[in-house]
Amino acid sequence: MSEKKRRIISVDYLARVEGEGALYIQMNGSTLEEVQLKIFEPPRFFEAFLRGRDYREAPDITSRICGICPIAYQMGAVQAMEAILGLEVPEPLRSLRRLIYCGEWIESHVLHIYMLHAPDFLGFPDAVALAKVAPEAVKRGLRLKKIGNTLMTLLGGREIHPINLQVGGFYRLPEKTELLALKPELEWAREAAIETLRWVAGFEFPAFEREYEYVALKHPSEYAIHEGRLVSNLGLDIPISEYERHFEEEHVARSTALHSIHTGHGAYFVGPMARYNLNFEQLSPSVKALAEEVGIAEHCHNPFKSILVRSLETLYALEEALRLIELYQKPDTAFVSGPLKAGKGHGCTEAPRGICYHRYEIDANGLILNAKIVPPTSQNQKTIEADLRHLLPLYLDKADPELQHLCEQAIRNYDPCISCSTHFLKLEVARA
Amino acid sequence: MKPKLAVWKFASCDGCQLSLLDCEDELLMVAEALEIAHFPEASRAVVAGPYDISLVEGSITTPHDLERIEAIRAQSTWVISIGACATAGGIQALRNFQAVEDFMRMVYARPEYIQTLSQSTAISEHIKVDFELRGCPINKNQLLELINALLNRRKPHLPSESVCHECKLRGTVCVMVSQGIPCLGPVTHAGCGAICPAYQRGCYGCFGPSDSPHPAALSQAFKSLGVSEAELVRLYRGFNSNAPAFREESLQHE
Chain X
1 MSEKKRRIIS VDYLARVEGE GALYIQMNGS TLEEVQLKIF EPPRFFEAFL
51 RGRDYREAPD ITSRICGICP IAYQMGAVQA MEAILGLEVP EPLRSLRRLI
101 YCGEWIESHV LHIYMLHAPD FLGFPDAVAL AKVAPEAVKR GLRLKKIGNT
151 LMTLLGGREI HPINLQVGGF YRLPEKTELL ALKPELEWAR EAAIETLRWV
201 AGFEFPAFER EYEYVALKHP SEYAIHEGRL VSNLGLDIPI SEYERHFEEE
251 HVARSTALHS IHTGHGAYFV GPMARYNLNF EQLSPSVKAL AEEVGIAEHC
301 HNPFKSILVR SLETLYALEE ALRLIELYQK PDTAFVSGPL KAGKGHGCTE
351 APRGICYHRY EIDANGLILN AKIVPPTSQN QKTIEADLRH LLPLYLDKAD
401 PELQHLCEQA IRNYDPCISC STHFLKLEVA RA
Chain D
1 MKPKLAVWKF ASCDGCQLSL LDCEDELLMV AEALEIAHFP EASRAVVAGP
51 YDISLVEGSI TTPHDLERIE AIRAQSTWVI SIGACATAGG IQALRNFQAV
101 EDFMRMVYAR PEYIQTLSQS TAISEHIKVD FELRGCPINK NQLLELINAL
151 LNRRKPHLPS ESVCHECKLR GTVCVMVSQG IPCLGPVTHA GCGAICPAYQ
201 RGCYGCFGPS DSPHPAALSQ AFKSLGVSEA ELVRLYRGFN SNAPAFREES
251 LQHE
């Protein structure tokens, strides 16, 4: 083994991901010896300090796991508690929850498309640099992102860590007129989302496809966002309460995040591409037509093209928001309640970056006995590493800086939210 | 030369630095007025220090954090801690009331892989901080006001009274007086715009204690509404449990 052939690429701090992580790659000639996604986000111990808290505090506390997708955490927590108490959240409260979740999908997806992912394809370090040459595109992105946050603020009180979701429903219900006031901007945004899709469809994508096990929620009558059964393209079909019988978490030395695997199967894929490949039929006719126009009708197996899928889901979320606003009639009560009882309950929703699972057990006084929360990024981590293992041998002739950029891009394909997954990234590439 | 802005992260949810990216109408203007020199969540480009303004998000929870925060202070003219984690230790400071080893065993199968300090602490407990922006999360308008004030060398207009004042300004009827809902508004720092009472719920203190709060008097009023001692402890032990006024009051009811 010659020393000249050993290459080590080490990225100490991955940029444009939410949270802190690193990547270490070690190659010996054309042999890839080691790929490690390291997560050094410091542990915050949510599952530990939830013990002894009142069940009604869980949505506000777990929201603080992630500033980018707080609704995913709040929704998982309230669903689990509602399952314990046997509460059924009726219409139109159920639809209002779907509406605020559309807001979170829009703000998070557009943040990722315009500010975190697009600069990779266009060779810019960030959206501000991109704005110098493509100001109209970046301004469109910012305005589009803002409508997502406006929905969050109206229905949630504020865009980051909303305060309006509670076990059984909401604290305050919006007036129909407040929702209708958002219509003109949502209608602009629907056109802007189509422009976004056509803009990103013009990017160059590395030819890279693999076979994955996709895992997502599936609902009988709608493109699943906040409820459904857990399904995969390899035959999984379970109620969310059976999640822990089919998935397990491993703790590895390099990481403060726990890695999830599908027991007996291994790595799996959650997020927009998983939802798209499993639930395409339930998208709207206009979204399906545009999917065909950009060449990914029904299926997309190239994670670099996840930016197309995010754009399509953004459009879908905007259409849904408009539909739900039209249907809304303000009910008399903002929430349902029932007698307190001890028990165990589960929650699972589609956070912008994939399924987010919650399980809680509470005692007869409503105090939390134990909690388990599995965020999307820790579920994708093994798949991201596997992508890098498949991708690197195809590009070994590239110099280290280019290779590093390609690896970072392959990681950003998953919109990893590192803050969430600690319970996640810095790149090191070693070439032997 | 434009002033240089750096954004740093310690233990946190990323929500406070996201507030800067959530300034959809102002972000490009901010980027005109100063150079965004170090902001890993938004950019691959890193411009070396020194920096004029360092925004610090998150609390100090690992041995390595202690070294990083010293280095940030050494290369920054103004250090501004943003959010409840940076100004009071955050929700993760709930470990300060228990044994962190027990917490590690509850969450991680292999606690020996984890390096963590027994306490989650505010930035100002370790270095000189020039300004603190409260909130879980911070209010983005307050962040813009502070950056604007620093760039124009004027005093920022950031009120330090209680949330009660903001309810009056907003015209919200007091939820505690009119509906008997326990509300931390009287002892909580203004800045959010009194959102919770306007949404028919009590303030849960996410901006931390106001200037000269009187939590003992508020606790008495809570008790007359039927709030138990255990509930009082939980009320003060939220997102600012390690802020002195809230910590001391929670210990009174344990």
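So the sequence lines, in the order shown, correspond to chains X and D. Once you know that position 179 of the first sequence is 179 in this note's numbering, the rest is easy, because the numbers rise by one and skip nothing. Once you know that position 195 of the second sequence is 195 in this note's numbering, the rest is easy, because the numbers rise by one and skip nothing. Virtual Cβ for every residue (Gly too), placed ideally from N, Cα, C. Owing to the predicted nature of the structure, the values given are computational and were not obtained by experimental measurement.
Check                                                                                                                         : Outcome
Segment limits, beta strand (DSSP E) that includes E249 (chain X)                                                             : 247-251
Neighbour flag for C441 (chain X) against chain D, beta carbons, 8 Å                                                          : The structure shown does not extend to residue 441 (chain X), since chain X spans only 1 to 432, so no value can be given for it.
Beta-carbon proximity of S81 (chain D) to V56 (chain D), cut-off 8 Å                                                          : yes
Where V133 (chain X) falls, given that 16 or more other Cβ within 10 Å makes a residue buried                                 : exposed
Interface partners of Y199 (chain D) on chain X, CB under 7 Å                                                                 : G157, I163, N164, Y171, R172
Classification of T172 (chain D) by the beta-carbon crowding that lies within 10 angstroms, buried from 16 upward             : buried
Where P50 (chain D) meets chain X, residues with beta-carbon distance less than 8 Å                                           : Residues of chain X passing the Cβ test: none, with the nearest at roughly 19 Å.
Rounded distance between the beta-carbons of I100 (chain X) and G451 (chain X), thought under 8 Å                             : Past the boundaries of the shown model lies residue 451 (chain X); chain X is included only from 1 to 432, so the question cannot be answered.
Residue nearest to N380 (chain X) in terms of C-alpha spacing, selected from X:G266, X:C69, X:H390                            : X:G266
Beta strand (DSSP E) segment containing I36 (chain D), residue limits                                                         : 35-38
Nearest to E231 (chain D) (by Cα), restricted to the options X:E91, X:E41, X:L367                                             : X:L367
Local Cβ density within 10 Å of Q252 (chain D), reported as buried at 16 or more and exposed below that                       : exposed
Interface residues of the segment 176-194 of chain D facing chain X [CB-CB below 9 Å]                                         : C192, G193
Distance, D126 (chain X) Cα to L111 (chain X) Cα                                                                              : 12 Å
Cα-Cα separation between E32 (chain D) and L21 (chain D), rounded to whole angstroms                                          : 14 Å
Start-to-end residues for the alpha helix (DSSP H) that takes in N139 (chain D)                                               : N139 (chain D) -> no alpha helix (DSSP H), and no H or E assigned at all.
Under the three-state DSSP convention, the category P209 (chain D) falls into                                                 : strand
Cross-chain neighbours of I36 (chain D) in chain X, by beta carbon under 9 Å                                                  : D126, V128
Outcome for L215 (chain X) when other beta-carbon atoms lying within 10 angstroms are tallied against a minimum of 16         : It should be noted that the sequence gives Val, not Leu, for residue 215 (chain X). Buried: at least 16 other Cβ atoms inside 10 Å.
Euclidean distance between Cα positions of L318 (chain X) and E254 (chain D)                                                  : 48 Å
Cross-chain neighbours of F121 (chain X) in chain D, by beta carbon under 8 Å                                                 : Within 8 Å Cβ-Cβ: nothing; F121 (chain X) doesn't reach chain D, min ~13 Å.
Contact set between the segment 124-138 of chain D and chain X, restricted to residues whose Cβ is under 7 Å from the partner : C136, P137
DSSP beta-bridge partners of T121 (chain D)                                                                                   : D:I60
Per DSSP, the bridge partner or partners of K9 (chain D)                                                                      : D:E57
Nearest to R353 (chain X) (by Cα), restricted to the options X:R412, X:A118, X:R98                                            : X:R412
Length of the line joining the Cα atoms of R44 (chain D) and L369 (chain X)                                                   : 42 Å
The segment 61-69 of chain X contacting the segment 242-250 of chain D, beta-carbon criterion three pairs below 8 Å           : no
Contact with chain D by R45 (chain X), beta-carbon distance below 8 Å                                                         : For the record, residue 45 (chain X) in the displayed sequence is Phe; it is not Arg. At least one chain D Cβ lies under 8 Å of F45 (chain X).
Cβ-Cβ distance between K140 (chain D) and C23 (chain D) below 8 Å                                                             : yes
Beta-carbon neighbours of E57 (chain X), restricted to chain D and to distances below 9 Å                                     : Y204, R234, G238
Neighbour list for E111 (chain X) in chain D, Cβ cutoff strictly below 9 Å                                                    : The sequence given here has Leu at residue 111 (chain X), not Glu. The answer, in chain order, is L18, L21, D22.
Heavy atom of the ligand HEM within 7 Å of R140 (chain X) beta-carbon                                                         : The ligand content of the structure shown is nil, which means the ligand HEM is not present either.
Simplified DSSP state of A22 (chain X), which is helix, strand or coil                                                        : strand
Member of D:E166, D:C164, D:I69, D:Q75 whose CA lies at the smallest distance from the CA of A37 (chain D)                    : D:Q75
Within chain D, partners of C66 (chain X) - CB distance below 9 Å                                                             : C13, D14, G15
Simplified DSSP state of V100 (chain D), which is helix, strand or coil                                                       : helix
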